[in-house]
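Down below is the structure, laid out as structure tokens.
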Amino acid sequence: MQQPVLLRRLGLATLAGLLAAGCAGSIVVDGGADRAVAPAPVSATSPPVSPSDASAGLLDDAGLRTVLDDVAEAFLRADPESVRAHLLDEESQFGVEWLERVSNLAEVPLASYALELDESLPDLATERVRGQYPDGVQVRYVVERHAIDGFDETPAAEDLFLTVVPTRDGWKLASDRDAEALGLVSVDHLWDHGPVRVTIDGPVAALHHPDGPAVGPLLAEARSALRTATERWPLAWPERVPIIVPRDEEELGELLHVTFDLSNFVAFATATPVSVLGTYELTGSRIVLNPGRFLNRAPETRESILVHELLHVATRPASGPMVPSWLEEGIAQALGEQRSTTGTRLVDALGTSSVALPTDGEFTVGGRDRIFLSYQLAWAFVDHLRRTHGADQVAALYEAVGRGALEEPGNEAAQVDRAATEVFGRSLEALVQEWRATR
Ligand SMILES: [Zn+2]
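First residue of the sequence shown: 160, per this note's numbering; consecutive thereafter.
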């Protein structure tokens, strides 16, 4: 928890069910990718600059920070010339994309935008990368922080892996894709895929492309869903959220960088964890739609999906690093939608002795029936807790799991058990036994 989290976007997905709107899975898109990084022979803090280079003073980490600050400021000011000045090759794909980003971002009301060099990782340049660029090339880990004005109390924190090349004029930016061979993927935003319009309606905003799907009634439905989510989630939350509307499913895949089949999903709730010693915060909450599979549904179905996603957003302030998916998805269904989004056929078919809480992985892999069953089990158990103990106690359990992992050691099972004992006075296993006995 002391280290910055690589590939930090955390997603809670909503399945596009045949039966109903769908259900959801909590996934950490990739939490362990730093292990793929081989130690690099070049120190991150002493780039190999020729001593004879007159501009050597620019070519240290302080010089790179100045470049990153300049570029970030240029994005805020919508100033393409300042970005151009720091590109190695403005006609490369990367150069073109970063210059386009300046105008694509122009309408997004950014309260802040920053690019921060993070020295927790060394230079990530591989032999292959060194063979492609001038001597002294580095691939550096940079944390991008952006806040949408009126929506993000704390900036979203995302990962960039930037190739930087030393020149007589200082560091030049050359690529953001050279660490992909190591499994380290730079963040993709909607504005990396074309101009972005922002339509704001009180506590909700749609970020969409002018040539993308019409957002029409989306904002009104989202406002109504937000009121419902606020009524049904007992704890405080910011009660506002931006909704990202990609052009199509292909673009959605590029934004999320997930490896599972997106055709099963109608929407995602994403956020970025920021954790330093003893703290954990999920920032940059967004709802991301799979437009073709969301927008063509009936209005009441869309609103139900939005309530589900908004429950995920609402739980974020109380979340922690070890909240199990069954609790996330059970709450979004039992407290949010107040129903199982994929019906109950699969869970009803299980014998009493077979019902058990699904693992996190069983929410995204194992095939459609396994995934649907996981959501139905999560709904059934959390709905049992809600009916037996009330929504306030379910929220208290969630809060205790989130907080507990910051206060006490132990794995996810130990955290949930401790929280169950704190809130309900008995172990998770005892609660599960009681649930089975009601079936
Ligand atoms: Zn969900």
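No residue lacks a Cβ here, since even glycine has one placed at the ideal position from N, Cα and C.
Any non-hydrogen atom of ligand 1 closer than 8 Å to residue i Cβ
| i | result |
| --- | --- |
| residue 428 | yes |
| residue 468 | yes |
| residue 462 | no |
| residue 630 | The first residue shown for the chain is 160 and the last is 598, placing residue 630 beyond what the model contains. |
| residue 488 | yes |
| residue 491 | yes |
| residue 471 | yes |
Reference residue i, options the options, closest by Cα
| i | options | result |
| --- | --- | --- |
| residue 596 | 527, 543, 581 and 572 | 543 |
| residue 457 | 488, 425, 313 and 217 | 425 |
| residue 328 | 246, 462, 512 and 279 | 246 |
| residue 255 | 237, 333, 306 and 235 | 333 |
| residue 411 | 377, 400, 383 and 451 | 451 |
| residue 312 | 400, 280 and 360 | 400 |
| residue 547 | 269, 590 and 445 | 590 |
| residue 299 | 383, 533, 362 and 339 | 339 |
| residue 109 | 235, 285, 241 and 283 | As shown, the chain starts at 160 and ends at 598. That puts residue 109 outside it, with no answer to give. |
| residue 380 | 397, 230, 370 and 402 | 402 |
| residue 324 | 292, 353 and 310 | 292 |
| residue 428 | 326, 442 and 217 | 442 |
| residue 372 | 287, 406 and 531 | 406 |
| residue 240 | 257, 307, 409 and 489 | 257 |
| residue 423 | 433, 408 and 363 | 408 |
| residue 526 | 303, 579, 414 and 420 | 420 |
| residue 360 | 505, 383 and 415 | 383 |
| residue 584 | 504, 561, 552 and 326 | 552 |
| residue 387 | 244, 592, 217 and 468 | 468 |
| residue 515 | 592, 575 and 479 | 592 |
Bridge partners - residue i, DSSP secondary structure assignment
| i | result |
| --- | --- |
| residue 318 | 302 |
| residue 297 | 323 |
| residue 530 | For residue 530, which the question treats as bridged, DSSP gives no partner whatsoever. |
| residue 367 | 356 and 404 |
| residue 433 | 440 |
| residue 334 | 322 |
| residue 446 | 402 and 428 |
| residue 246 | 332 |
| residue 275 | 302 |
| residue 307 | 269 |
Local Cβ density within 10 Å of residue i, reported as buried at 16 or more and exposed below that
| i | result |
| --- | --- |
| residue 501 | buried |
| residue 599 | Any question about residue 599 goes unanswered here, given that the chain covers just 160 to 598. |
| residue 582 | buried |
| residue 337 | buried |
| residue 294 | exposed |
| residue 418 | exposed |
| residue 314 | buried |
| residue 274 | buried |
| residue 518 | exposed |
| residue 319 | buried |
| residue 445 | buried |
| residue 492 | buried |
| residue 282 | buried |
| residue 508 | exposed |
| residue 430 | buried |
| residue 462 | buried |
| residue 533 | buried |
| residue 577 | buried |
| residue 511 | exposed |
| residue 363 | buried |
| residue 435 | exposed |
| residue 455 | exposed |
| residue 296 | buried |
| residue 308 | exposed |
Near ligand 3: residue i beta-carbon under 8 Å from a heavy atom
| i | result |
| --- | --- |
| residue 535 | This structure lacks ligand 3; the ligands present are ligand 1. |
Query raised in the report: Does the region 553 to 573 touch the region 466 to 485, meaning 3 or more C-beta pairs lie closer than 8 Å?
Result: Contact holds: three or more Cβ-Cβ distances are below 8 Å.
Query raised in the report: Taking one C-beta from the region 523 to 540 and one from the region 488 to 500 each time, how about it: are there three or more such pairs within less than 8 Å?
Result: Note that the region 523 to 540 touches the region 488 to 500; at least 3 beta-carbon pairs, one per stretch, sit closer than 8 Å.
Query raised in the report: Looking at C-beta atoms only, is the number of pairs between the region 343 to 362 and the region 458 to 473 that lie closer than 8 Å three or more?
Result: Flag = no, the region 343 to 362 and the region 458 to 473 do not touch.
Query raised in the report: Should the region 261 to 272 be called in touch with the region 343 to 362, which here means at least 3 C-beta pairs below 8 Å?
Result: The region 261 to 272 vs the region 343 to 362: in contact.
Requested in this report: Decide if the region 369 to 376 is in contact with the region 385 to 400; the criterion is three or more beta carbon pairs, one per stretch, under 8 Å apart.
Outcome: Contact between the region 369 to 376 and the region 385 to 400 is absent: fewer than 3 CB-CB pairs across the two stretches fall below 8 Å.
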